[in-house]
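Q: Following this message is one structure expressed as structure tokens.
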Ligand code: SF4
């Protein structure tokens with residue numbers, strides 16, 4: 005490592021959608037070391053040792069300029085390039101959009117299947133949402149539905165659900181957390197998050213539980229023998245009373261965790277519960293997830309094209325279709341003739357299996373598919389170069405520091421160079 009030792013304070017972590025910005029990370033001659041506030045995922049991300057890497061064309065070491073020229077040639081020849089992965093930052097995503105528009109390609113993020121569980125509801129009926137900060141400071145009732153939040157965001161309970169202190173007098177002991185889903189309450193209990201109540205049904209039945217809750221809140225009669233995988237009418241009624249008594253209730257879910265058929269119907273119930281209660285009291289939703297820059301990619305795509313993802317520029321204008329332009333489906337059905345895969349954060353975000361020629365702009369260590377034509381190593385935003393990421397609640401974009409782990413270019417720089425070479 006060329007750069008001298010340095011301790012960085014208030015570091016924003018890019019390795020999940022929460023983007024905690026209170027880490028301390030030290031750069032030493034052995035690499036980066038998380039000194040304060042990092043969870044296991046953050047430590048793994050910041051402290052990962054990068055293997056040596058070089059730009060490649062069909063497996064042979066080349067210069068960066070040669071790799072850029074070959075990538076531009078392949079994209080220029082492609083009739084329908086598919087831009088997938090999209091694990092990058094704001095600037096990288098802007099460059100993807102420019103290149104996709106110029107080359108008539110399709111854009112889709114690697115994790116957008118989960119995001120579409122939300123988008124389908126947002127686009128069709130709308131919703132009222134809270135933020136991480138509002139939830140941390142104001143919520144006195146959290147209903148966590150069907151989602152293992154701690155598995156996705158290890159510090160959610162420490163920072164948001166059970167903070168040591170919060171503004172406006174809502175401190176952890178006054179907070180009630182209701183967890184709908186068997187086995188999903190361990191982190192809440194371990195965090196000492198005030199009162200924790202569990203409705204231990206299978207996580208995929210959380211939507212039914214909330215549907216029954218909405219019925220009771222509206223005054224409907226339900227069968228006294230109601231039993232939703234162990235959740236009884238008395239449990240539903242007790243939760244209804246908690247909802248009515250709440251000063252600021254928040255319904256929390258993480259779409260990546262709702263990995264079962266028609267999960268958007270569960271999201272619809274959760275958003276519907278908020279909609280039912282919001283006219284008469286403070287109630288809002290909080291959707292989590294958003295790793296690998298997924299929220300950033302969707303936000304940039306929305307403000308530039310009008311659509312959150314799964315957009316084709318093949319006609320010259322943005323054409324949105326969440327089914328037609330799902331890249332996983334397109335690959336499975338033999339559509340497209342080139343895959344351009346961008347993975348800045350995790351080496352595990354590997355391209356899907358495909359016979360198409362592939363261009364990978366990735367963090368060193370990513371496993372390259374056999375049909376890789378070009379590989380260009382790129383840096384991780386917030387580690388190897390500065391950048392910006394949009395937080396999971398979509399309300400702030402956080403600056404990421406250059407910690408100087410390695411001399412690797414930002415995805416934006418490489419994508420812009422490819423576009424210029426077209
Ligand atoms: S919870 Fe997420 S953002 Fe926070 S330190 Fe862990 S990986 Fe980073």
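Numbering (the numbering used here), first residue to last: 5 to 426. Ideal Cβ placement from N, Cα and C applies to all residues, glycine included.
Can you tell me whether residue 79 sits near ligand 1, meaning its C-beta is under 7 angstroms from at least one heavy atom of the ligand?
A: Because no heavy atom of ligand 1 lies under 7 angstroms away, the Cβ of residue 79 does not count as near it: no.
Q: Who are residue 316's beta bridge partners in DSSP?
A: Beta-bridge pairing links residue 316 to 110 and 323.
Q: How about residue 35 and residue 343: are their beta carbons less than 8 angstroms apart?
A: no
Q: Which stretch, first to last residue, makes up the alpha helix (DSSP H) that contains residue 422?
A: 415-425
Q: Using the Cβ count rule (16 or more neighbours within 10 Å means buried), how would you classify residue 15?
A: buried
Q: Can you tell me whether residue 158 sits near ligand 1, meaning its C-beta is under 7 angstroms from at least one heavy atom of the ligand?
A: yes
Q: Grouping DSSP H, G and I as helix and E and B as strand, with all else coil, what is residue 203?
A: strand
Q: Give the single residue among 385, 59, 346 and 415 whose Cα lies nearest to the Cα of residue 115.
A: 346
Q: Mapping the DSSP letters down to three states, classify residue 133 as helix, strand or coil.
A: strand
Q: Can you give me the start and stop residues for the alpha helix (DSSP H) that residue 300 sits inside?
A: 298-309
Q: Taking the beta strand (DSSP E) that residue 146 falls in, what are its first and last residues?
A: 145-149
Q: Under a Cβ-count criterion, where at least 16 other Cβ atoms within 10 Å of its own Cβ denotes burial, should residue 327 be classed as buried or exposed?
A: exposed
Q: Verify whether the separation of the beta carbon atoms of residue 299 and residue 80 is less than 8 angstroms.
A: The answer is no: Cβ separation not under 8 angstroms.
Q: Scan the segment 16-78 and note each continuous alpha helix (DSSP H) run of 4 residues or more that stays entirely inside, going in chain order.
A: 44-51
Q: Run through the segment 330-374 for me and flag every whole alpha helix (DSSP H) of 4 or more residues, listed as ranges in chain order.
A: 331-336
Q: When the Cα atoms are used, what is the spatial distance from residue 232 to residue 404?
A: Each residue's alpha carbon lies about 45 angstroms from the other.
Q: Just to confirm my understanding: we take residue 66, look at its own chain, exclude 5 residues before and 5 after, and list those with CB closer than 8 angstroms. What are they?
A: 58, 59, 60 and 74, listed in sequence order.
Q: Below 7 angstroms CB to CB, which residues in the same chain sit around residue 159 once its five sequence neighbours on both sides are set aside?
A: 22, 24 and 43
Q: Return helix, strand or coil for residue 162, following the three-state DSSP convention.
A: DSSP places residue 162 in helix when its eight states are reduced to three.
Q: I need the DSSP call for residue 176, collapsed to helix, strand or coil.
A: The pLDDT assigned to residue 176 is 49, lower than 50, so where the model puts this residue is not dependable, and the model offers no usable value.
Q: Say yes only if the C-beta of residue 402 is nearer than 7 angstroms to one or more non-hydrogen atoms of ligand 1, and no if none qualify.
A: Not under cutoff, so the answer is no.
Q: Within 10 Å of its beta-carbon, does residue 128 have 16 or more other beta-carbons around it, so buried, or fewer, so exposed?
A: It is exposed - the Cβ of residue 128 has fewer than 16 other Cβ atoms within 10 Å.
Q: For residue 315 and residue 120, I'd like the C-alpha separation in whole angstroms.
A: 13 angstroms
Q: Please report how far the alpha carbon of residue 130 lies from the alpha carbon of residue 86, in whole angstroms.
A: 29 angstroms
Q: Here's the rule I'm using: 16 or more other beta-carbon atoms within 10 Å means buried, otherwise exposed. How should residue 32 be labelled?
A: exposed
Q: Pull up the distance between the alpha-carbon of residue 408 and that of residue 388, whole angstroms please.
A: The alpha-carbon separation between residue 408 and residue 388 amounts to approximately 5 angstroms.
Q: For my contact list, residue 415 and residue 96 are in at a C-beta cut-off of 8 angstroms; report their separation, rounded to the angstrom.
A: 4 angstroms
Q: Return yes when the C-beta of residue 45 is under 7 angstroms from any heavy atom of ligand 1, and no when it is not.
A: yes
Q: Smallest Cα separation from residue 284: which of 249, 307, 255 and 71?
A: 249
Q: Leaving out five residues before and five after residue 310 in sequence, what residues of the same chain have Cβ atoms less than 7 angstroms from its Cβ?
A: Hits under 7 angstroms: 322.
Q: Please classify residue 19 as buried or exposed, where buried requires at least 16 other C-beta atoms within 10 Å of its C-beta.
A: buried
Q: Express the C-alpha separation of residue 238 and residue 176 in angstroms, rounding to a whole number.
A: Caution is warranted here: a pLDDT of 49 is assigned to residue 176, below 50, making its placement in the model unreliable, and no coordinate value can be reported.
Q: At a cut-off of 7 angstroms, would you count residue 23 as near ligand 1, judging by its Cβ distance to the nearest heavy atom?
A: Residue 23 has its Cβ nearer than 7 angstroms to a heavy atom of ligand 1.
Q: Is the beta carbon of residue 258 sitting closer than 8 angstroms to the one on residue 226?
A: It is not a contact, given that the beta carbons lie outside the stated cut-off.
Q: Straight-line CA distance for residue 137 to residue 252?
A: Each residue's Cα considered, the two are about 13 angstroms apart.
Q: Of the residues 356, 350, 312 and 364, which one's Cα is nearest the Cα of residue 101?
A: 312
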